[in-house]
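The block underneath contains the structure these notes are about, expressed in structure tokens.
Numbering (this note's numbering), first residue to last: 6 to 328.
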């Protein structure tokens with residue numbers, strides 16, 4: 006009874022808040038949520054991951070490359086899937102996550118039986134509206150952490166994941182690879198677009214990054230995203246697999262105060278709060294670390310680097326088969 010009354014009061018209370026008040030309240034809520042959840046067990050911390058992706062689904066259609074796969078990425082995925090499925094009557098394909106571009110692509114091949122594994126049904130449902138060819142009647146949805154999928158060994162012919170490794174914490178990467186290999190048939194293949202950094206990413210300045218990025222022929226939203234990512238990379242400690250988000254935030258603030266080129270487009274400081282409040286404070290591996298991780302479990306069949314977005318070389322797309 007008390008809880009219902011409290012919910013009613015909160016509902017009435019927010020009706021009188023201005024947009025600025027609501028934005029401030031939203032920031033306070035997320036700070037508190039992260040602080041409380043991240044003090045709990047690792048299992049409960051996946052609640053934050055689930056909410057993160059549910060919120061992101063609302064903005065997916067506006068997400069710049071390389072957050073979502075590019076046309077070049079999708080063409081490579083689709084060509085590889087088509088070649089693999091050509092001599093088979095049917096194919097079981099697992100998509101890690103609810104990426105609409107991957108679901109759209111898989112739906113176009115009638116030989117493929119599609120399975121979707123994601124932490125949130127809500128995320129899967131929302132993203133279904135972002136692909137013209139997505140056929141939810143042909144999809145089987147699995148609501149579960151990728152590290153603990155309730156699926157028999159060697160069940161899938163193909164596993165596809167776009168920027169999936171960076172979604173798990175460094176200490177979980179080995180488990181992720183083991184689970185992916187367990188689920189894949191011995192003659193199956195795995196398509197993974199991954200992310201790595203090198204020492205060059207951690208060097209330089211915002212000014213030099215702006216001068217380089219501005220030369221690219223790309224939408225302004227994509228350029229701004231690339232700049233924000235570069236700032237985060239500059240705050241990365243690769244040996245420790247850590248990103249100092251507060252350092253990145255302070256660098257952005259100094260740049261905005263100095264009114265550097267594009268400073269007015271980087272948004273105001275309040276809207277950059279996620280730089281220091283996000284729970285995702287781990288960095289991608291370097292190329293040697295990534296290669297070592299992959300080679301421990303898989304044999305590389307092919308490697309593709311797209312050419313249609315900024316910093317694409319740091320997002321290679323692998324075709325792998327189990328060792």
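By construction, the Cβ of each residue, glycine as well, lies at the ideal position given by its N, Cα and C atoms.
> When burial is assigned at 16 or more other CB atoms within 10 Å of the CB, is residue 109 buried or exposed?
Replying inline: buried
> Quick one: is residue 23 buried, meaning 16 or more other Cβ sit within 10 Å of its Cβ, or exposed?
Replying inline: exposed
> With DSSP run on the structure shown, which of helix, strand or coil describes residue 318?
Replying inline: helix
> Quick check: the region 150-158 against the region 289-298, are there 3 or more CB pairs under 8 Å?
Replying inline: no
> Using the beta-carbon count (16 or more within 10 Å), is residue 132 buried or exposed?
Replying inline: buried
>> By the three-class DSSP mapping on this structure, what secondary structure does residue 146 have?
In response: strand
> Any idea what DSSP makes of residue 329, helix, strand or coil?
Replying inline: Summary: the structure shown does not reach residue 329, with the chain confined to residues 6 through 328, and so no result is reported for it.
> Using 8 Å as the Cβ pair cut-off and three pairs as the minimum, do the region 173-181 and the region 204-218 touch?
Replying inline: no
>> Taking the beta carbon of residue 318 as the centre, do at least 16 other beta carbons fall within 10 Å, making it buried, or is it exposed?
In response: exposed
> To the nearest angstrom, how far is it from the Cα of residue 225 to the Cα of residue 69?
Replying inline: 9 Å
> Hey, which unbroken runs of the alpha helix (DSSP H) at 4 residues or more fall wholly within the region 70-139?
Replying inline: 76-90, 105-112, 126-133
> Among the residues of its own chain, which have a CB less than 7 Å from the CB of residue 171, if the five just before and after it don't count?
Replying inline: 200, 289
> When you compare only the Cα positions, how much space is there between residue 135 and residue 103?
Replying inline: 11 Å
> For residue 326, which beta-bridge partners are listed by DSSP?
Replying inline: 304
> Per DSSP, residue 166 forms a beta bridge with which residues?
Replying inline: 101, 197
> Quick one: Cα of residue 204 to Cα of residue 258, how far?
Replying inline: 24 Å
> How about residue 118 and residue 97: do their beta carbons lie closer than 8 Å?
Replying inline: yes
>> Please state the DSSP three-state secondary structure of residue 202.
In response: strand
>> Determine whether the beta carbon atoms of residue 100 and residue 91 lie at a separation below 8 Å.
In response: no
> Distance, Cα to Cα, residue 20 vs residue 8?
Replying inline: 19 Å
>> What would DSSP say about residue 241, mapped onto helix, strand or coil?
In response: strand
> Where does the unbroken alpha helix (DSSP H) through residue 329 begin, and where does it stop?
Replying inline: This structure gives no information on residue 329, because the portion of the chain shown stretches from 6 to 328.
>> Distance check for residue 66 and residue 221, CA to CA, integer angstroms please.
In response: 22 Å
> Do we get a CB-CB distance below 8 Å when we pair residue 96 with the residues of chain C?
Replying inline: Of the protein chains in this structure there is only one, and it is not chain C.
>> With H, G and I counted as helix, E and B as strand and the rest as coil, what does DSSP make of residue 267?
In response: coil
> Mapping DSSP to helix, strand and coil, what is residue 161?
Replying inline: strand
> According to DSSP, is residue 188 helix, strand or coil?
Replying inline: helix
>> Contact defined as beta carbons within less than 8 Å: I believe residue 294 pairs with residue 211. What is the distance between those atoms, to the nearest angstrom?
In response: So it is not a contact: roughly 26 Å between Cβ atoms.
> Counting along the chain, where does the alpha helix (DSSP H) carrying residue 246 start and finish?
Replying inline: From DSSP, residue 246 is part of no alpha helix (DSSP H); its letter is neither H nor E.
> According to DSSP, what are the bridge partners of residue 313?
Replying inline: DSSP lists no partner for residue 313.
>> For residue 314 and residue 71, which I take to be in contact (beta-carbon distance under 8 Å), what is that distance rounded to the nearest angstrom?
In response: 5 Å
>> Taking the straight line between their C-alpha atoms, what separation do you get for residue 127 and residue 145?
In response: 14 Å
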